[in-house]
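Trainee: Taking UniProt numbering, the leading residue of the sequence shown gets 1, the next gets one more, and so forth.
Provided herewith is a single structure, encoded as structure tokens, for subsequent inquiry.
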Amino acid sequence: MQRFYVVEKAKLQCTFGTSLGKLVVTSQRKLEIKGKLQATQKDKQLEPPFFGSCTCKSSNPPCSPALQEWQVPGRKAGIETDAFIMDDSSIQCGQGGIVTVVDANQDLVSTGEEEFELDKILPKFEGEIIFVNGYLSNPKMNTESHYNALMGKNPDEPDSGALTGENTNEHDRTHADDVYTADKHNHRTKRDKWQKLWEDEIKTRLWQPLSPLIRFSYTPEEKFQGYWNTKTNKMKGTELYAKHFNAIGNEHFINGSHGLGSNAAHRIDHGIAQGYSWAKKTWNIKAFEQIEEGKGENPYIETFSPAYKPVTVVGHSQGAAMAAGVAIGILKYAADMGYKKAPLNIIFLGVHQPKNLTGNEYEQLYNYKTKYLEVNNFYLKLLGEKEKTGREYLNSISDLFNPKYHKLKNERGIYEHLKKIVGNWPAFKDRCVQFTFANDRGDLVLRDGDIPGIDSACDPKGDTTLYSVEFFSKRIQIPSKYETDQDKLVVDLSNEESGIEGFIVIPPYIANRRFDFDALEKKDNPSREEKENGVEWGDYKSVCIQWGIAMAKYKKLKKEYVKMAEDNWHVPDYNRDTNILFKNLAHLKVDWEYIQTARWYAPMQAADLYAHFSPVGLINHKKILSDFVNYCDDNVGTTESIWERIKKVGNNKFYRIAIAENVDLKKDKDNLNKRIDDKAEVERKLKIKLIDTSIADTQYIKNVVDAFVKGNKAALEKVYKEPLKLNVGMKVITKEKIKKVIHQKKVGMTKEKSIKIDKTQVKQNKLF
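This is how it looks when you write it as structure tokens:
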């Protein structure tokens, strides 16, 4: 005998009622059949006038139902512990009546031979997608994070005095404010409709003109969706991903912003907690055993298995490390629910801290930036043409190269931490695709680049180098591998300006062309192409050449001055040096050229940051990759857009079902033939793309979940902590070393205060 699920407005009958009642569904807002919410055993409300009059009493008063618990025969499918109501279910009324289902309110689909319920026989394939944003750098909206940078507060340490602002909550790693689910968005959308009159008549006319002056925080839409959907991608960023990964309507967001100085390993662990928590609350999968027991009688129950609810995780910048953690947390939850395999797609964009930065490599970077380029005292150039300014360059306030903090130094990056904690690194990395431009190497985002071993949709060979553009005074200084192995462009600056001696080296696979969409508002008659692609402005190569010329002049004058004056010239402190006007002319010339170098370094840094954010804002831009046609080793083979390259590299690894163009996705979910095809795809072709959940079922990952999701303090002690970055030369000092030194000092001080009286040693325990 066929049984049918009950949906909203189903008709119920009471043995003591005089009319039929209609069921109201309030227990859940996500699962629908033919656009109607599916009822669970928690649903006991009815539309007035309920069952009319109650005949259990002689006066036949109006019905006042007091429904108890639904009785649902047979195996029970449902949401977590709440079973779905079936058409053969019943419920007792406290007044004495028995309530049964007369009409489940389902539309039946005909095959020509018999009618059946679509959701009775076939599961529904419906993906979920999670976007993890990077650092929220707006100084007005995230003022607290800039305070942390100015005051040297470690954003990863909840007890460091660092303020949260718009960053993730370090006191509660699964805080609800750091997650914006599709359900939350739908709830806000429906709520906002009721407030339309207030918003149109009051907010728009009075509040909005004042809000730029007094608002210092994001709305959820600005913070989460606004990060990914911009006018530069025509507000289509999340839609591109959701449509491709069968997840329209199931877009979720997790905050990955931590602040300057955050460590990738810390963010991965934070992501594990958030991923596990999201899966437990939102993924809505059932235990493997329950699926296996129920799918014979009720194949639809497979809808609630990972194979039919694949998850895609996309992370940018600081959010890349956290996205890796989110993916691991989801896999761990699947393992805990009894699944040995699960689908997972991971995309990393503009990757921050792909690997560690420590030891000789860090020392070389530090010396190159501070002693050779002398950037640690640079200031901002705020005025002038856009390509000649560096408003985004904030080293002067963030102390990136201050040896007191070593903010760029990290013992573990994404690569090192993942290899340590996952059960099978090769299997995990095969589920991933990354895209990071080769000139995404701005000081504020160091270190950026490719995660070793993960397929890149930008440079097919992968690029883990530290620098975007480099300056050399002599050709002989340029490593031969730059041209032979890395295909870098060497620019002889003597060809750019007469009398200049020096070279700059620019890598391939850069974001060279730049497009300004804000300029459209200032332009009287923009062309059709400009409306589509933005107004093109100073390309990256030109900015680098201008900086190289300024650097060459400065190095030459400085060398001449040192030789003439036999005095080691140093960067002047303009805030204190009141005698600068009285220095000799040669010294003033060096001062001036240093200023010119700084003036061009800042806009070059801004151009690096443009490359950093382009994989988000320009994901579907048709012109930004046009220079890629010049790279002969580009085996990806498409320059149409960043998005097209990501799709091509991930084509054979992404777990998804192809969607035909111009399809109504909402209606298509309930199409019989579509479900038949999807089931065949899942059971045949997609099986090879599943990943072993044992990858995430390790003791370390269990410790992270226990510590941050379940509140186990003992497990917290077993979680990795990045060594403290204190100023002791270039060495890293751990907390354990500090405790040892403090103990030794205390012992020494105690001995020094020992006093001998009558040959009896008396110890003064108080330490001074």
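All C-beta atoms in this analysis are idealised placements derived from N, C-alpha and C, irrespective of residue type, glycine included.
Identify the continuous alpha helix (DSSP H) that holds phenylalanine 613 and give its terminal residues.
Mentor: Reading the sequence shown from its first residue, position 613 is the one you call residue 613. Segment 585 to 617, the alpha helix (DSSP H) holding phenylalanine 613.
Trainee: Rounded to the nearest angstrom, what separates histidine 175 and asparagine 367 at their Cα positions?
Mentor: For the purposes of this step, residue 175 is taken as the residue at position 175 of the sequence shown. For the purposes of this step, residue 367 is taken as the residue at position 367 of the sequence shown. Going from the Cα of histidine 175 to the Cα of asparagine 367 covers about 40 Å.
Trainee: Classify cysteine 632 as buried or exposed, calling it buried when 16 or more other Cβ atoms lie within 10 Å of its own Cβ.
Mentor: Taking the first residue of the sequence shown as 1, we reach residue 632 at position 632. Exposed: under 16 other Cβ atoms inside 10 Å.
Trainee: Is glutamate 128 helix, strand or coil when you go by DSSP?
Mentor: Taking the first residue of the sequence shown as 1, we reach residue 128 at position 128. In this structure, glutamate 128 counts as strand in the three-state DSSP scheme.
Trainee: Determine the extent of the alpha helix (DSSP H) in which glutamate 361 is found, giving its start and end residues.
Mentor: Here residue 361 refers to the residue found at position 361 when the sequence shown is read from its first residue. Counting along the chain, the alpha helix (DSSP H) containing glutamate 361 begins and ends at 359 to 367.
Trainee: Is the segment 236 to 245 in contact with the segment 304 to 314, if contact means three or more CB pairs nearer than 8 Å?
Mentor: Cβ pair count under 8 Å is three or more, so yes.
Trainee: Kindly list the residues whose CB is nearer than 8 Å to the CB of alanine 39, restricted to its own chain and excluding five residues on each side of it in sequence; keep chain order.
Mentor: Along the sequence shown, one-based indexing puts residue 39 at 39. Closer than 8 Å at Cβ, skipping near neighbours: Tyr5, Val6, Val7, Glu8, Ala10, Leu23, Val25, Ser27, Phe84 and Ile85.
Trainee: Per DSSP, proline 62 is paired with what?
Mentor: On the sequence shown, residue 62 is found 62 positions in, with the first residue counted as 1. Proline 62 pairs with Ser53.
Trainee: Could you pull out every residue in the same chain whose Cβ sits closer than 7 Å to the Cβ of alanine 182, ignoring the five residues on either side in sequence?
Mentor: Within the sequence shown, residue 182 is the residue found at index 182, counting from 1. Around alanine 182: Gly249, Asn250, Glu251 and His252.
Trainee: What number of angstroms, rounded off, separates the C-alpha of glycine 17 from the C-alpha of alanine 273?
Mentor: In the sequence shown, the residue the question calls residue 17 occupies position 17. In the sequence shown, the residue the question calls residue 273 occupies position 273. Distance between the alpha carbons of glycine 17 and alanine 273: 51 Å.
Trainee: What is the DSSP secondary structure of tyrosine 308, reduced to helix, strand or coil?
Mentor: For this step, residue 308 is matched to residue 308 along the sequence shown. Reduced to three states, the DSSP call for tyrosine 308 is helix.
Trainee: Please report the distance separating the alpha-carbon of serine 498 from that of tryptophan 547.
Mentor: For this step, residue 498 is matched to residue 498 along the sequence shown. For this step, residue 547 is matched to residue 547 along the sequence shown. Each residue's alpha carbon lies about 15 Å from the other.
Trainee: For aspartate 448, list the residues DSSP reports as bridge partners.
Mentor: In the sequence shown, residue 448 corresponds to position 448, counting from 1. Partner(s): His352.
Trainee: Where proline 155 and glycine 256 are concerned, what is the direct C-alpha to C-alpha distance, given to the nearest angstrom?
Mentor: Numbered from 1 along the sequence shown, position 155 holds the residue referred to as residue 155. Numbered from 1 along the sequence shown, position 256 holds the residue referred to as residue 256. In a straight line, the C-alpha of proline 155 is about 12 Å away from that of glycine 256.
Trainee: Taking the CB atoms as reference points, tell me whether glutamate 166 and asparagine 133 lie closer together than 7 Å.
Mentor: Position 166 of the sequence shown, counted from the first residue, corresponds to residue 166. Position 133 of the sequence shown, counted from the first residue, corresponds to residue 133. The answer is no: Cβ separation not under 7 Å.
Trainee: So, do the segment 595 to 613 and the segment 525 to 544 have three or more beta carbon pairs nearer to each other than 8 Å?
Mentor: Yes, since at least three Cβ pairs between the segment 595 to 613 and the segment 525 to 544 fall closer than 8 Å, the two stretches touch.
Trainee: Check each candidate in Ala707, Trp537 and Ala696 and name the one with the smallest Cα separation from leucine 331.
Mentor: Taking the first residue of the sequence shown as 1, we reach residue 331 at position 331. Considering only alpha carbons, the answer is Ala696.
Trainee: Do leucine 260 and alanine 149 come within 7 Å of each other at the CB atom, strictly closer than that value?
Mentor: By one-based count along the sequence shown, residue 149 stands at place 149. By one-based count along the sequence shown, residue 260 stands at place 260. A contact, by the Cβ cut-off of 7 Å.
Trainee: Alpha carbon to alpha carbon, what distance is there between serine 480 and leucine 588?
Mentor: Against the sequence shown, residue 588 aligns to sequence position 588. Against the sequence shown, residue 480 aligns to sequence position 480. Computed Cα separation, rounded: 37 Å.
Trainee: Can you look up methionine 322 in the DSSP assignment and give me helix, strand or coil?
Mentor: On the sequence shown, position 322 is the one that residue 322 refers to. Residue state, collapsed to three classes: helix.
Trainee: With a threshold of 8 Å, are at least 3 pairs of Cβ atoms found where one atom belongs to the segment 628 to 647 and the other to the segment 524 to 534?
Mentor: They do not touch, by the three-pair rule.
Trainee: Can you name the start and end residues of the alpha helix (DSSP H) that isoleucine 301 belongs to?
Mentor: Locating residue 301 in the sequence shown gives position 301, where the first residue counts as 1. Run containing isoleucine 301: none; DSSP gives neither H nor E here.
Trainee: Compute the Euclidean distance between the alpha carbons of methionine 151 and leucine 418, then round it to the nearest angstrom.
Mentor: Counting from 1 along the sequence shown, the entry for residue 151 is found at position 151. Counting from 1 along the sequence shown, the entry for residue 418 is found at position 418. So the alpha carbons of these two residues sit roughly 31 Å apart.
Trainee: From His266, Lys140, Ala247 and Met235, pick the residue whose C-alpha is nearest to that of asparagine 169; which is it?
Mentor: Locating residue 169 in the sequence shown gives position 169, counting from the first residue. Of the listed residues, the one whose Cα sits closest to asparagine 169 is His266.
Trainee: If you check the beta carbons only, do isoleucine 454 and glutamine 434 fall under 7 Å apart?
Mentor: Against the sequence shown, residue 454 aligns to sequence position 454. Against the sequence shown, residue 434 aligns to sequence position 434. Result yes, Cβ atoms of isoleucine 454 and glutamine 434 sit closer than 7 Å.
Trainee: What do you get for serine 456, buried or exposed, if any count of 16 or more other CB atoms within 10 angstroms of its CB means buried?
Mentor: Here residue 456 is taken as the residue at index 456 of the sequence shown, counted from 1. Its Cβ being crowded by 16 or more others within 10 Å, serine 456 is buried.
Trainee: To which residues does DSSP link glutamine 92 through a beta bridge?
Mentor: Sequence index remark: in the sequence shown, residue 92 carries index 92 (1-based). Partner(s): Ile98.
Trainee: With DSSP as the reference, please indicate the residues paired to arginine 410 in a beta bridge.
Mentor: Residue numbering aside, residue 410 sits at position 410 when the sequence shown is read from its first letter. The question names arginine, but residue 410 in the sequence shown is asparagine. Leu357, per the DSSP bridge assignment.
Trainee: Are the Cβ atoms of threonine 484 and alanine 550 separated by less than 7 Å?
Mentor: Taking the first residue of the sequence shown as 1, we reach residue 484 at position 484. Taking the first residue of the sequence shown as 1, we reach residue 550 at position 550. Contact flag unset, no.
Trainee: Over the uninterrupted beta strand (DSSP E) stretch that includes valine 709, give me the two end residues.
Mentor: To locate residue 709, count along the sequence shown from 1; it is residue 709. Counting along the chain, valine 709 falls outside any beta strand (DSSP E), and DSSP gives it neither H nor E.
Trainee: My parser needs the beta strand (DSSP E) runs of 3 or more residues fully inside the segment 473 to 516; what are they?
Mentor: The segment 473 to 516 contains these whole beta strand (DSSP E) runs: 489 to 492, 503 to 506 and 514 to 516.
Trainee: Counting C-beta neighbours from all protein chains within 10 Å, is the total for alanine 324 16 or more, i.e. buried, or is it exposed?
Mentor: Position 324 of the sequence shown, counted from the first residue, corresponds to residue 324. Buried: at least 16 other Cβ atoms inside 10 Å.
Trainee: Of the residues Gln477, Tyr308, Asp459 and Asp448, which one's Cα is nearest the Cα of asparagine 246?
Mentor: Taking the sequence shown and counting its residues from 1, one reaches residue 246 at position 246. Closest by alpha carbon: Tyr308.
Trainee: What's the gap between the Cα of valine 728 and the Cα of histidine 612?
Mentor: Translated into the one-based positions of the sequence shown, residue 728 becomes position 728. Translated into the one-based positions of the sequence shown, residue 612 becomes position 612. Residue placement at valine 728 cannot be trusted, given a pLDDT of 44 that sits under 50; what the coordinates show is reported in the next sentence. Going from the Cα of valine 728 to the Cα of histidine 612 covers about 32 Å.
Trainee: Straight-line CA distance for residue 791 to isoleucine 129?
Mentor: One cannot answer for residue 791 here, as it falls past the ends of the chain, which runs 1 to 768.
Trainee: Taking all protein chains shown into account, do 16 or more other C-beta atoms lie within 10 angstroms of the C-beta of valine 704, making it buried, or fewer, making it exposed?
Mentor: Taking the first residue of the sequence shown as position 1, residue 704 is located at position 704. It is buried - the Cβ of valine 704 has at least 16 other Cβ atoms within 10 Å.
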